[in-house]
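FYI, the numbering used here numbers position 204 of the sequence shown as 254, with every residue one higher than the one before it.
A quick write-up on the structure given underneath.
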Amino acid sequence: MARHSGYARFCYNFALSLYLGVKDLDASSSKKVAAIERVFTNHVKKLPQYQWTNTLSSRVYKTTFRHFGAALSRFFEGKSCFPKFKRKKDGDSFTVDAADWNHSILLKPQKSIKIPTLGTFRLKEAIPFPCMSQTFTISRTADKWYVSFTIKAQKIPPLFHPVVETVGIDLGVSTFATLSDGNYYESPQTLKKAKTKPSKEQWRNRHKQLGNRKLGVKASNNARKHYQRLAKIHAHSANQRRDFLQKTTTEISQKYASICIEDLNVSGMLANHKLASAICDCGFYEFRRQLEYKSVMYGTKVEVVDRWYPSSKTCSSCGHIQAMPLSERVFNCQHCGIAMNRDLNAAINLARQSGMSKTSSV
Ligand SMILES: [Zn+2]
Numbered sequence: 051m052a053r054h055s056g057y058a059r060f061c062y063n064f065a066l067s068l069y070l071g072v073k074d075l076d077a078s079s080s081k082k083v084a085a086i087e088r089v090f091t092n093h094v095k096k097l098p099q100y101q102w103t104n105t106l107s108s109r110v111y112k113t114t115f116r117h118f119g120a121a122l123s124r125f126f127e128g129k130s131c132f133p134k135f136k137r138k139k140d141g142d143s144f145t146v147d148a149a150d151w152n153h154s155i156l157l158k159p160q161k162s163i164k165i166p167t168l169g170t171f172r173l174k175e176a177i178p179f180p181c182m183s184q185t186f187t188i189s190r191t192a193d194k195w196y197v198s199f200t201i202k203a204q205k206i207p208p209l210f211h212p213v214v215e216t217v218g219i220d221l222g223v224s225t226f227a228t229l230s231d232g233n234y235y236e237s238p239q240t241l242k243k244a245k246t247k248p249s250k251e252q253w254r255n256r257h258k259q260l261g262n263r264k265l266g267v268k269a270s271n272n273a274r275k276h277y278q279r280l281a282k283i284h285a286h287s288a289n290q291r292r293d294f295l296q297k298t299t300t301e302i303s304q305k306y307a308s309i310c311i312e313d314l315n316v317s318g319m320l321a322n323h324k325l326a327s328a329i330c331d332c333g334f335y336e337f338r339r340q341l342e343y344k345s346v347m348y349g350t351k352v353e354v355v356d357r358w359y360p361s362s363k364t365c366s367s368c369g370h371i372q373a374m375p376l377s378e379r380v381f382n383c384q385h386c387g388i389a390m391n392r393d394l395n396a397a398i399n400l401a402r403q404s405g406m407s408k409t410s411s412v
């Protein structure tokens, strides 16, 4: 897998460097890419110093040139920057495909997968149902290799939601999401916990020769092992967070027919130093993004409330507005005397705002 990733990187950089040479010639970019691919197939692959390319899957360079062409068209459409050279430290990934749709692979529901031109591999998690696919992308995160592929399938949305009343959701640092019906979702790991493990790993290895490219110092073997352990720790907590967000947003989208959520003034919150690192890690943006795209899949109505609406400062019982410093976890109304959890109070207010906002998606 690592060799194939290296091959893909080599081909991409080859294509890019040759393209930079012919950039100003008068021809379409797709023609130039096709010409570059011909040079690679008919000339470069035959050179003795590039014989190693013939021991690896030929589908890798085919898909890599296709990716390079796609990167160029994205650039010309103004959707992205000009392609950059790939570096080893940016990670490993490559794509192989069956030559055409007629040769697509039937994936059986079992704990192994047959990947065109590479062979059959054991999987950690079984494929849940039989499906067909043509293109397979293999990538690495920390010390694990992943395969991803597209299948043709239709998602059937559920016919009804168990809860029809509008629910308000307040996002917070202490409790991740508080719902106006009293339910709440707690983050799987606190921010502090997520930070302790990598910090400990770094502190224990503080005397290792860590390497510095500018000074020409190479990292020691033990430092490299330390980097691998660190990558594993980071990947683990990222996986936990991703799993939590996906499960939570799916559960909410399936359960509630109508959702009201705050428009997050994230830049304003980031200006507050104490909140900044907490919010960066929470995935509030990702949470809202997932709710919005899942609303189409499950037929849920998602409304975004105007960011200037004082959801946490308003009393959900009498409408009295008072200052609420972040340290106060309980809303004690100075007008009607009600005492309520701060986040729950905000969530109830958000639910009431349903229908009053301008931005909404269905
Ligand atoms: Zn009140």
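Don't be surprised by glycine CBs; every beta carbon is placed ideally from N, CA and C.
Assigned with DSSP and collapsed to three states, Cys-386 falls in coil, not helix or strand. With contacts defined by Cβ atoms closer than 8 Å, Val-213 and Lys-305 form a contacting pair. For Met-347, the three-state secondary structure derived from DSSP is helix. Taking each of Lys-247, Ser-183 and Lys-134 in turn and checking the Cα distance to His-153, the smallest one comes out for Ser-183.
Just so you know, the alpha carbons of Lys-164 and Gly-71 end up roughly 39 Å apart. Annotation for Ser-287: Gln-239 and Ala-244 place their beta carbon closer than 7 Å to its own, counting only its chain and skipping 5 residues before and after. Beta-bridge analysis with DSSP links Phe-144 to Ile-188.
The segment 214-222 makes contact with the segment 391-407: 3 or more CB pairs, one atom from each, lie closer than 8 Å. Bounds of any alpha helix (DSSP H) do not take in Tyr-196; it lies within the beta strand (DSSP E) bounded by 194-199. Rounded to whole angstroms, the gap between the alpha carbons of Lys-82 and Gly-119 is 9 Å. In the DSSP annotation of this structure, the continuous segment of the alpha helix (DSSP H) that includes Val-83 starts and ends at 79-92. If the five residues before and after Gln-290 are omitted, its C-beta is found closer than 7 Å to the C-beta atoms of Pro-238 and Gln-239, all from its own chain and listed in chain order. If you draw a straight line from the Cα of Leu-122 to the Cα of Asn-104, it comes to about 27 Å.
Bridge partners of Leu-157 according to DSSP: Cys-181. In this structure, Asp-193 sits near Lys-282, with a CB-CB distance shorter than 8 Å. Taking 7 Å as the cut-off, one finds at least one heavy atom of ligand 1 near enough to the beta carbon of Ile-388. In the DSSP assignment, Val-217 falls within the unbroken beta strand (DSSP E) covering 217-221. Ile-302 has its alpha-carbon roughly 44 Å from the corresponding atom of Asn-63.
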